[in-house]
Amino acid sequence: MELPKLNFQETFDFKFKKDKDKFFIYDLVRKTYLLLTPEEWVRQHWIHYYLTVKSYSVSALITEKKIVLNGLTKRIDLLITEKTEPKILIECKAPQIKLTEKTFEQTARYNSIIGAKEIVLTNGLQHIHAFFENGEYQFYKPD
Numbered sequence: 047m048e049l050p051k052l053n054f055q056e057t058f059d060f061k062f063k064k065d066k067d068k069f070f071i072y073d074l075v076r077k078t079y080l081l082l083t084p085e086e087w088v089r090q091h092w093i094h095y096y097l098t099v100k101s102y103s104v105s106a107l108i109t110e111k112k113i114v115l116n117g118l119t120k121r122i123d124l125l126i127t128e129k130t131e132p133k134i135l136i137e138c139k140a141p142q143i144k145l146t147e148k149t150f151e152q153t154a155r156y157n158s159i160i161g162a163k164e165i166v167l168t169n170g171l172q173h174i175h176a177f178f179e180n181g182e183y184q185f186y187k188p189d
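Just so we're aligned: 132 in my numbering is position 86 of the sequence shown, and the numbers increase by one with no gaps anywhere.
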């Protein structure tokens with residue numbers, strides 16, 4: 047399987063397995079192999095980034111959490127917590143998906159339920175970071 051090189055300075059040690067003609071990647075948070083989709087490839091990079099580079103514990107990362115938005119059940123991709131409080135909401139898209147104002151608004155709507163101080167919208171190649179302050183999002187480039 048040909049996986050795109052994503053925009054991370056670090057190289058992560060992923061575990062893969064193949065079953066019949068499908069590829070799976072090991073999720074350190076859920077402790078199981080998941081179907082390797084383009085979006086999952088992006089999410090796993092962020093999981094490894096927060097565990098290895100930022101030194102968060104596995105218990106601080108929440109994946110696929112259900113939320114209800116306008117009566118519809120949605121799932122967030124990744125939430126980083128600190129002392130169980132939501133800190134960073136990460137919405138992952140497949141690398142070929144363009145990040146637009148519309149995709150950012152989707153992430154902001156999810157965050158209206160979650161209440162994280164920061165959001166990251168990413169397709170693995172491009173990352174949009176924003177802090178939520180004084181009722182609005184302030185975009186920034188991380189160091």
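Glycine included, each C-beta is placed from N, C-alpha and C at the ideal position.
Nothing here was measured: the structure is a model prediction, and the numbers come from that model.
Taking the continuous beta strand (DSSP E) assigned at Lys133, which residues delimit it? Residue mapping note: residue 133 aligns to position 87 of the sequence shown, counting from 1. Segment Glu131 to Cys138, the beta strand (DSSP E) holding Lys133.
Identify, in the order they occur along the chain, each residue of the same chain with its Cβ nearer than 8 Å to the Cβ of Leu52, setting aside the five sequence neighbours on each side. Working through the sequence shown from its first residue, we reach residue 52 at position 6. Once the five neighbours on either side are set aside, the close Cβ partners of Leu52 are Trp87, Val88, His91, Pro141, Gly170 and Leu171.
Say yes only if the C-beta of Gln142 is nearer than 7 Å to one or more non-hydrogen atoms of the ligand ZN, and no if none qualify. Within the structure as shown, the ligand ZN is missing, as the structure has no ligands at all.
Less than 7 Å between C-beta atoms, sequence neighbours within five positions excluded: which residues of the same chain meet that for Gln184? Mapped onto the sequence shown, residue 184 falls at position 138. Contacts found: Ala176 and Phe177.
When you compare the CB positions of Ile122 and Ile160, do they come within less than 8 Å of one another, or not? Locating residue 122 in the sequence shown gives position 76, counting from the first residue. Locating residue 160 in the sequence shown gives position 114, counting from the first residue. Yes, the Cβ-Cβ distance between Ile122 and Ile160 is below 8 Å.
Do you know whose CA, among Tyr156, Lys139 and His173, lies nearest Lys111's CA? As a position in the sequence shown, residue 111 is number 65, starting the count at 1. Lys111 has its Cα closest to that of Tyr156, out of Tyr156, Lys139 and His173.
Which residues DSSP lists as bridging Arg89, in chain order: Residue 89 sits at position 43 when you count from the first residue of the sequence shown. Partner(s): none; Arg89 has no beta bridge.
Determine whether the beta carbon atoms of Ile136 and Leu118 lie at a separation below 8 Å. The count along the sequence shown starts at 1 and reaches residue 136 at position 90. The count along the sequence shown starts at 1 and reaches residue 118 at position 72. No, the Cβ-Cβ distance between Ile136 and Leu118 is not below 8 Å.
Find out if the Cβ-Cβ distance for the pair Ala162, Ile134 is shorter than 8 Å. The sequence position of residue 162 within the sequence shown is 116, counting from 1. The sequence position of residue 134 within the sequence shown is 88, counting from 1. The answer is yes: Cβ separation under 8 Å.
Classify Ala162 as helix, strand or coil using the three-state DSSP reduction. Indexing the sequence shown from 1 puts residue 162 at position 116. Of the three classes helix, strand and coil, the one that applies to Ala162 here is coil, per DSSP.
Going by C-alpha to C-alpha distance, which of Glu56, Glu48 and Lys77 sits closest to Lys68? Against the sequence shown, residue 68 aligns to sequence position 22. Here the closest residue by C-alpha is Glu48.
In three-state DSSP terms, what is Gln172? Here residue 172 refers to the residue found at position 126 of the sequence shown. Reduced to three states, the DSSP call for Gln172 is coil.
With burial defined as no fewer than 16 other Cβ atoms inside 10 Å of the residue's Cβ, what is the status of Leu81: buried or exposed? Residue mapping note: residue 81 aligns to position 35 of the sequence shown, counting from 1. Burial call: exposed.
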